[in-house]
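Just so you know, the protein sequences line up as chains A and B, in that order. Counting from 3, one number per residue, gives the positions in the first sequence under the numbering used here. Counting from 3, one number per residue, gives the positions in the second sequence under the numbering used here. Built from N, CA and C at the ideal position, the CB exists for glycine as well.
2 protein chains.
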Amino acid sequence: MTALIGIDWGTTSFRAWRMGAGGEVLDTVGDGPGILAAGALPGGFGQALRDRIGDWLDGTPIITSGMITSRNGWVETPYLPLPLDAGALARSLTLHEGIHFVTGAVSDPDGPAPDVMRGEETEIIGHLAEGGEGGLFVLPGTHSKWAWAEGGRLTAFRTVMTGEVFAALRDHTILGRLIQPGPGSDDAFRRGVQAGQGDGALLARIFSARTLALMDRLAPDQIADYLSGLLIGDEVAQGARDASGPVTIIGRGDLAARYQAAFTMLGIDAQIAPPGMARRGLWEIARMGGLT
Amino acid sequence: MTALIGIDWGTTSFRAWRMGAGGEVLDTVGDGPGILAAGALPGGFGQALRDRIGDWLDGTPIITSGMITSRNGWVETPYLPLPLDAGALARSLTLHEGIHFVTGAVSDPDGPAPDVMRGEETEIIGHLAEGGEGGLFVLPGTHSKWAWAEGGRLTAFRTVMTGEVFAALRDHTILGRLIQPGPGSDDAFRRGVQAGQGDGALLARIFSARTLALMDRLAPDQIADYLSGLLIGDEVAQGARDASGPVTIIGRGDLAARYQAAFTMLGIDAQIAPPGMARRGLWEIARMGGLT
Numbered sequence: 003m004t005a006l007i008g009i010d011w012g013t014t015s016f017r018a019w020r021m022g023a024g025g026e027v028l029d030t031v032g033d034g035p036g037i038l039a040a041g042a043l044p045g046g047f048g049q050a051l052r053d054r055i056g057d058w059l060d061g062t063p064i065i066t067s068g069m070i071t072s073r074n075g076w077v078e079t080p081y082l083p084l085p086l087d088a089g090a091l092a093r094s095l096t097l098h099e100g101i102h103f104v105t106g107a108v109s110d111p112d113g114p115a116p117d118v119m120r121g122e123e124t125e126i127i128g129h130l131a132e133g134g135e136g137g138l139f140v141l142p143g144t145h146s147k148w149a150w151a152e153g154g155r156l157t158a159f160r161t162v163m164t165g166e167v168f169a170a171l172r173d174h175t176i177l178g179r180l181i182q183p184g185p186g187s188d189d190a191f192r193r194g195v196q197a198g199q200g201d202g203a204l205l206a207r208i209f210s211a212r213t214l215a216l217m218d219r220l221a222p223d224q225i226a227d228y229l230s231g232l233l234i235g236d237e238v239a240q241g242a243r244d245a246s247g248p249v250t251i252i253g254r255g256d257l258a259a260r261y262q263a264a265f266t267m268l269g270i271d272a273q274i275a276p277p278g279m280a281r282r283g284l285w286e287i288a289r290m291g292g293l294t
Numbered sequence: 003m004t005a006l007i008g009i010d011w012g013t014t015s016f017r018a019w020r021m022g023a024g025g026e027v028l029d030t031v032g033d034g035p036g037i038l039a040a041g042a043l044p045g046g047f048g049q050a051l052r053d054r055i056g057d058w059l060d061g062t063p064i065i066t067s068g069m070i071t072s073r074n075g076w077v078e079t080p081y082l083p084l085p086l087d088a089g090a091l092a093r094s095l096t097l098h099e100g101i102h103f104v105t106g107a108v109s110d111p112d113g114p115a116p117d118v119m120r121g122e123e124t125e126i127i128g129h130l131a132e133g134g135e136g137g138l139f140v141l142p143g144t145h146s147k148w149a150w151a152e153g154g155r156l157t158a159f160r161t162v163m164t165g166e167v168f169a170a171l172r173d174h175t176i177l178g179r180l181i182q183p184g185p186g187s188d189d190a191f192r193r194g195v196q197a198g199q200g201d202g203a204l205l206a207r208i209f210s211a212r213t214l215a216l217m218d219r220l221a222p223d224q225i226a227d228y229l230s231g232l233l234i235g236d237e238v239a240q241g242a243r244d245a246s247g248p249v250t251i252i253g254r255g256d257l258a259a260r261y262q263a264a265f266t267m268l269g270i271d272a273q274i275a276p277p278g279m280a281r282r283g284l285w286e287i288a289r290m291g292g293l294t
């Protein structure tokens, strides 16, 4: 008996879960089109749903979060201000074409550095619903999110463009010229982290990725890992200044492991959250909203 | 009566001066080929010289500095260690095909962030020879150089990739998507400097160039100036931590003025050096080396 269909729908990703009366997973679809691809289909987002999870569509409530509520998504919804919790997200659900949309969050909208997220708030709510204590959350990616939670509420966050800046430096500056692909070097990554955890002068330190290579102190197939370490080391050192309480990394694979290693090098214990936080958050918001 | 021909020969620039017995300028050529273009000529660097200043070549000593002594230049010369002064550069002149080459400098060759320069050392020597007191020197550009001098000697420097990182962010990340060209906005630049002079979390702050625009708090034709301000503000705030004594900007035009404005916003008085520092440095090194 299906109680809820949840969809984490991002710019380039689509993951859907069919959940039972206790929130347990009955079925999963992990490879649907992100909003860019889905929006370009002749039948749009509705067609994407029918294509991927058509056989689930029997009147069961559907809830979704992520960039699907952005300007290029299915319906654009206003951002919620901080602090916010699962109840606030549940009260702000937007019903559109029979689907419940979880909106995103805005930080410091009138201040010097306003910031926005769509989707990560649901993952953090999922962790808090699992009994997570709050503290600092890091969601690594093209645009990493750093978020702080306390008392079951998301209280602050910011976006750090580490992944995209890494790609721009590697592919479009002199730092990339000497790079050769390699199997991945933990040692070079850690050297980069060490160099990156200095006093903040990132624009000055990145040139070492070139000079060390010119002086044969960094092999061509280690430059990319070193540069990755420089940027992640800077990001983690800067962000960790504001760490209090537990640190939780919400992410997967090598990237999550690299962030954990960078925290460890700073003497900070960071846990990688178990998978499924987005689904867990969607369940919690749906439950608070009376959908289940 | 010509006493010396000096050439400041960079990757994409070539400036030559014919100087009289007191170092006074008798003639100038400012638009010759940089080393990339000159090296590609059928007759190479020699042809470039004959093409541009052939009528000066009467046996007068020729001295040159810049990337012309790099791996892609006319002759590759070893870097000199710090500290160095005009005498050390004069003693290390390399005579090759009848031309005297001033070599570059290396900082911290065995440390975690080695750094190199070719050409800027000559400009700084030029300023010191004019009676400059030393202190901090900033040479803005694609790769800015920050250098410290004391007692007539260059004692430390580092390279800051501000200009190239700006171009990579503008042209190859999401930050550039909303940019529209404009007449240049001092106000947006200053807002960026203000935002950039924070506690060092540059990777986090740059996202504001997008969010402020999304929220209609930054016009599309102001985004580029704001982003430029963010990066220069960060560079100047980080570098100024190590400022002691006078601050001298060696550069020209709008870019030098922007760096001066960023220093002013930090409460630091920075002077823009008069033009001609490279020529003045070449003269001084030639004089110390007995060429004049």
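For Pro222 (chain B), no CB of chain A lies under 8 angstroms from its own CB, so it is not counted at the interface with that chain. Counting only Cβ-Cβ distances below 9 angstroms, Leu233 (chain B) has contacts in chain A at Leu205, in chain order. For the 8 angstroms CB-CB criterion, Thr124 (chain A) and Ile287 (chain A) form a contact. Listed along chain A is no residue with a C-beta nearer than 9 angstroms to that of Ile7 (chain B); the closest approach is about 30 angstroms. Chain-order list of chain B residues neighbouring Val77 (chain A): empty, with the shortest C-beta distance near 17 angstroms, by a criterion of under 9 angstroms. Runs of beta strand (DSSP E) with 3 or more residues, each lying fully within the stretch 61-141 of chain A, are found at 64-67, 96-98, 101-103, 107-109, 117-119, 137-141, listed in chain order. It is roughly 26 angstroms from the alpha-carbon of Arg219 (chain A) to the alpha-carbon of Gly12 (chain B). Cβ-Cβ separation between Tyr228 (chain A) and Ala258 (chain A): approximately 20 angstroms, too far for a contact (criterion under 8 angstroms). Counting along the chain, the unbroken beta strand (DSSP E) around Arg155 (chain A) starts and ends at 155-162. Put simply, of B:Ile7, B:Trp58, B:Thr250 the residue whose alpha carbon is nearest the alpha carbon of Ser67 (chain B) is B:Ile7.
At a cut-off of 8 angstroms between beta-carbon atoms, Met69 (chain A) makes no contact with chain B. Contact annotation: the stretch 231-248 of chain A does not touch the stretch 105-125 of chain A, with fewer than three C-beta pairs closer than 8 angstroms. Exposed is the label assigned to Met3 (chain A), since fewer than 16 other Cβ atoms lie within 10 Å of its Cβ. For Ser246 (chain B), the nearest beta carbon of chain A is not closer than 8 angstroms to its own beta carbon. Put simply, of B:Tyr81, B:Gly113, B:Ala264 the residue whose alpha carbon is nearest the alpha carbon of Arg193 (chain A) is B:Gly113. A Cβ-Cβ contact shorter than 8 angstroms links Ile181 (chain B) with Pro222 (chain B). Taken through DSSP and simplified to helix, strand or coil, Glu237 (chain A) comes out as helix.
Taking Arg160 (chain B) as the centre and dropping the five residues before and after it, the same chain places the C-beta of Asp117, Trp148 closer than 6 angstroms to its C-beta, in chain order. In this structure, DSSP gives Glu26 (chain A) a state outside helix and strand, which the three-state scheme calls coil. Looking only at A:Pro248, A:His129, A:Leu95, the smallest Cα-Cα distance to Met279 (chain A) is reached by A:His129.
In the three-state scheme derived from DSSP, where H, G and I count as helix and E and B as strand, Leu6 (chain B) is classed as strand.
For Arg260 (chain A), not one C-beta of chain B is nearer than 8 angstroms to its own C-beta. Secondary-structure assignment with DSSP links Met21 (chain B) through a beta bridge to B:Leu6, B:Val27. Our two residues, Arg212 (chain A) and Ala115 (chain B), have alpha carbons roughly 10 angstroms apart in a direct line. Secondary structure of Thr213 (chain B) (DSSP, three-state): helix. Contact annotation: Val162 (chain B) and Glu99 (chain B) have beta-carbon atoms that are not nearer than 8 angstroms.
Interface with chain A (8 angstroms Cβ-Cβ cutoff): Ser210 (chain B) is included. Gly184 (chain A) and Thr30 (chain A) have their C-alpha atoms roughly 34 angstroms apart. Contact note: Ile176 (chain A) reaches chain B through Glu166, using a C-beta cutoff of 7 angstroms and chain order. Put simply, of B:Tyr261, B:Leu171, B:Ala92 the residue whose alpha carbon is nearest the alpha carbon of Gln196 (chain B) is B:Tyr261.
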